[in-house]
Amino acid sequence: MKLPPYVPDPATATRFLFFTGKGGVGKTSLSCAAALKLAEAGRRVLLVSTDPASNLDEVLETRLTNHPAPIVGAPGLEAMNINPVDAAAAYRERLIGPMRGLLPEGALRSMEEQLSGSCTVEIAAFDEFSGLIGNPQAVQGYDHIIFDTAPTGHTLRLMSLAKAWDQFLESNTSGTSCLGPLAGLEKQRVIYEATVRTLADAAATTLVLVSRPQGAALREAERTSKELRAIGVGNQCLVINGAFETPCAKDPTAQAMQQRGMAALEAAGDFIRSMPSYIVPLRAINILGIAGLRVLLGGETPGSLTPQVAESWTPPQMESLADLVSAMEQQGHGVIMTMGKGGVGKTTVAAAIAVMLARRGHSVHLSTTDPAAHVAQTLHGRVEGLTLSRIDPAEETAAYQREVMQAQGSAMDDAGRALLEEDLRSPCTEEIAVFRAFAREVGQGVSRFVVLDTAPTGHTLLLLDASEAYHRELERQARSTQPEQVLRLLERLRDPDFTRILLVTLPEATPVHEAAALQEDLRRARIEPFAWVINQSLLHSGTCDPLLQCREASERRYLLEVVEKQAHRTAWLPWQPEEPVGPDALAHLASSRLQTAMVPA
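Straight run, no breaks: the sequence shown in the UniProt record's numbering ends on number 601.
Take a look at the structure:
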């Protein structure tokens with residue numbers, strides 16, 4: 001399938017561009033490259049990350065905050081991160097600050113406590129996001145505002161909040177919400193309404209769906225396209241990143257990679273032809289810095305396809321995934337969680353672990369908290385002793401609303417029930433419901449193995465951070481007794497004999513460094529990862545393709561960085577000529593071992 005190359009045209013580019021897609025497809029690299037192209041064409045560009053686990057700093061090689069900062073070497077380009085925690089702190093101060101000196105300290109502390117939950121974090125980040133779209137004064141002087149969004153589940157949530165909060169404010173009669181008095185939100189009402197209009201305006205907004213030439217990524221792009229059209233975001237295009245063609249006709253690795261990509265594009269042909277679609281070839285280098293971004297959309301020089309390796313080396317000692325399973329199964333039960341940047345293969349690793357445990361005779365439950373779940377497609381078959389589930393936000397929210405109404409509504413008069421129903425329609429209720437479900441799944445580890453395929457890192461951290469906020473929210477609403485699973489959640493996550501966290505990464509700069517940052521965050525929460533898993537390595541692939549040889553050579557520094565600086569234990573998984581789908585393929589992947597013989601230069 002022949003598609004034109006993706007190069008943003010300053011003459012036709014809308015003012016607002018949103019880059020979204022499955023984790024790991026290259027949203028950050030492409031949004032940065034597009035921003036650079038527009039800036040080099042003389043436009044003033046603001047690049048904004050809405051990802052709670054943003055790696056914009058690393059790609060742009062600039063320390064960013066929630067205020068625009070100029071990018072060295074790119075005149076006309078500025079960038080910023082919407083940091084949810086910082087945004088929440090600023091939001092709290094906006095509401096509480098004017099009351100300092102007027103109210104007693106106890107009342108102020110109570111307000112701070114009420115405004116310290118995950119709901120406040122979400123609405124504060126949304127305030128920042130909507131302010132850049134619905135408030136013309138906030139982005140005066142910029143020709144283009146480009147959003148590098150979090151993986152698609154988070155993006156859908158962020159965009160749908162525009163309508164959700166607008167509708168909630170429209171119907172609310174109580175004057176309060178889980179965020180306290182609605183006065184702070186009412187002030188934003190005009191901005192929320194303007195945000196909804198701008199997202200739906202094809203002349204103002206373009207949604208750039210980013211995918212890889214992979215079945216799962218293209219399916220998620222199609223699902224996202226439909227869901228965003230349903231809320232009015234209709235001006236869309238598709239960019240397929242990392243397309244690969246090889247000159248090596250007899251190289252099995254290169255040929256398999258090429259054929260897999262072609263098959264995925266052919267299967268998604270109808271979707272690709274349904275909108276303007278473009279292609280970006282796979283590059284030999286890690287896309288970091290201004291020079292790397294120019295390569296992404298501009299191409300490579302012949303010299304850049306020569307592997308920069310001076311001598312042979314012996315890979316570090318790394319285990320198979322089966323070795324980790326042997327260690328983890330000794331307890332006979334517990335929780336195993338795969339965590340890491342989107343697109344590194346958490347779902348595949350979780351499914352492989354679950355299959356291996358079940359085939360060894362254990363009772364296993366495999367579940368996902370990822371809004372864009374792909375567990376069922378990866379497992380693709382039944383395994384004796386293994387059950388499967390997904391935490392569905394809509395279903396969990398509806399069940400939670402019914403439970404609260406049954407437990408409390410029966411003792412209320414009509415007016416009280418109406419107020420309770422109204423409060424439960426708040427978009428924040430979903431966070432509480434999903435968190436309860438997460439705690440419920442973890443609690444099953446008391447009697448069997450629970451393998452949790454978690455959402456990409458930013459979403460996961462927000463979920464884990466919600467523990468104390470959840471308790472506060474229940475107390476505020478005087479709702480039902482807290483389930484035992486919730487009361488014991490943090491205790492269980494911190495127990496190394498009960499919960500084993502595996503950090504999954506690729507042997508590349510951004511996935512490794514994001515996993516290292518996640519490890520530090522977990523340690524601050526007194527949760528110690530059990531091991532790292534390096535996935536999709538080209539080491540020992542024997543490829544003769546010059547581009548793949550460059551990528552294989554570049555892996556070496558990151559393999560050493562993980563083994564020598566980051567991980568207590570490290571498992572290694574090779575790149576697979578066939579996607580590991582189905583129980584047998586997953587078990588074979590888990591058993592793969594790295595030969596530690598010397599690798600030639």
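Glycine is no exception: its CB is placed at the ideal position from the N, C-alpha and C atoms.
So, using beta-carbon positions, are L209 and A221 closer together than 8 Å? L209 places its beta carbon less than 8 Å from that of A221.
Would you please state the rounded distance, in angstroms, between the beta carbons of L228 and S211? I believe it to be under 8 Å. Between the beta-carbon of L228 and that of S211 there is about 14 Å, and that puts the pair past the 8 Å contact cut.
Give me the Cα-Cα distance between T338 and I285, rounded to the nearest whole angstrom. Approximately 27 Å between the Cα atoms of the pair.
Cα-Cα separation between Q137 and D521, rounded to whole angstroms: A direct Cα-Cα distance of roughly 35 Å separates Q137 from D521.
T253 and P577 look like a contact to me (Cβ under 8 Å); what is the Cβ gap, rounded to whole Å? Correct: roughly 7 Å between the Cβ atoms.
In this structure, how does DSSP classify R448 when only helix, strand and coil are distinguished? Coil.
Would you list the one or two residues that DSSP bridges to D57? Bridge partners of D57 according to DSSP: none are assigned.
Can you look up E528 in the DSSP assignment and give me helix, strand or coil? Look at E528 here: in three-state DSSP terms it is coil, with no helix or strand label.
Alpha-carbon to alpha-carbon, H568 and Q317: Approximately 12 Å between the Cα atoms of the pair.
Report, in whole angstroms, the separation of the C-beta atoms of L560 and V533, which I expect to be a contact under 8 Å. That pair is no contact at about 16 Å.
Going by alpha carbons, who is nearest to L47 out of I71, G24, A41? If we check each option's Cα against that of L47, I71 comes out closest.
List the residues that DSSP assigns as beta-bridge partners of P5. According to the DSSP secondary-structure assignment, P5 is paired through a beta bridge with I279.
Determine, using beta carbons only, whether A531 and A571 come nearer to each other than 8 Å. Between A531 and A571, the C-beta gap is smaller than 8 Å, which places the two residues in contact.
Taking 8 Å as the cut-off, does the region 278–296 touch the region 545–564 (at least 3 CB pairs, one atom from each stretch)? The count of Cβ pairs closer than 8 Å, one atom from the region 545–564 and one from the region 278–296, reaches three, so the stretches are in contact.
Take D143 and list the residues in its own chain whose beta-carbon comes closer than 6 Å to its own, dropping the five residues that flank it on each side. Exclusion of the five residues before and after D143 leaves R43, R44 as the residues of its chain whose Cβ lies within less than 6 Å of its Cβ.
Assuming the contact rule is C-beta atoms closer than 8 Å, L297 and A33 should be a hit. Round their C-beta distance to whole Å, please. Right, their Cβ atoms sit about 5 Å apart.
Selected residue, minimal CA-CA separation from S363, among V383, R557, E430, A256: The shortest CA-to-CA distance from S363 to any of V383, R557, E430, A256 is the one to V383.
On the CB-based measure, 16 or more other CB atoms within 10 Å of its CB, does Q330 come out buried or exposed? A residue is called buried once 16 or more other Cβ atoms fall within 10 Å of its Cβ, and Q330, having fewer, is exposed.
Identify whether V364 lies in helix, strand or coil by the three-state DSSP scheme. In this structure, V364 counts as strand in the three-state DSSP scheme.
Between R260 and E579, is the Cβ-Cβ spacing less than 8 Å? In contact: R260 and E579 (Cβ atoms closer than 8 Å).
Spatial neighbours of Q477 within its chain, please: CB distance less than 6 Å, with the 5 preceding and 5 following residues excluded, ordered by chain position. Interpretation of Q477 is limited by its pLDDT of 49, a score under 50 that renders its predicted location unreliable; no figure is taken from the coordinates.
If the criterion is Cβ atoms closer than 8 Å, does the pair G582 and H365 meet it? No, the pair does not count as a contact, with Cβ atoms beyond the cut-off.
Tell me which residue opens and which closes the beta strand (DSSP E) that C248 is part of. Run containing C248: none; DSSP gives neither H nor E here.
Supposed contact pair L64 and A88 - C-beta distance, whole angstroms, cut 8 Å: About 18 Å separates the beta carbons of A88 and L64, which is beyond the 8 Å limit, so they are not a contact pair.
Using the beta-carbon count (16 or more within 10 Å), is L293 buried or exposed? Flag for L293 reads buried.
Nearest to S537 by CA position, among C248, P507, E396, is which residue? When only C-alpha atoms are compared, the closest one is P507.
Just verifying my parser: in three-state terms, what is the DSSP assignment at E430? Here E430 sits in helix by DSSP.
Given E498 as reference, the closest of L30, G334, S326 once Cα atoms are compared: This sequence places Phe at residue 498; Glu is not what is there. Of L30, G334, S326, the residue nearest in Cα terms is G334.
Flag this pair as yes or no: are the beta carbons of L38 and P8 separated by less than 8 Å? A contact, by the Cβ cut-off of 8 Å.
To the nearest angstrom, report how far apart R359 and G385 are at their CA atoms. Rounded to whole angstroms, R359 to G385 spans 8 Å at the Cα level.
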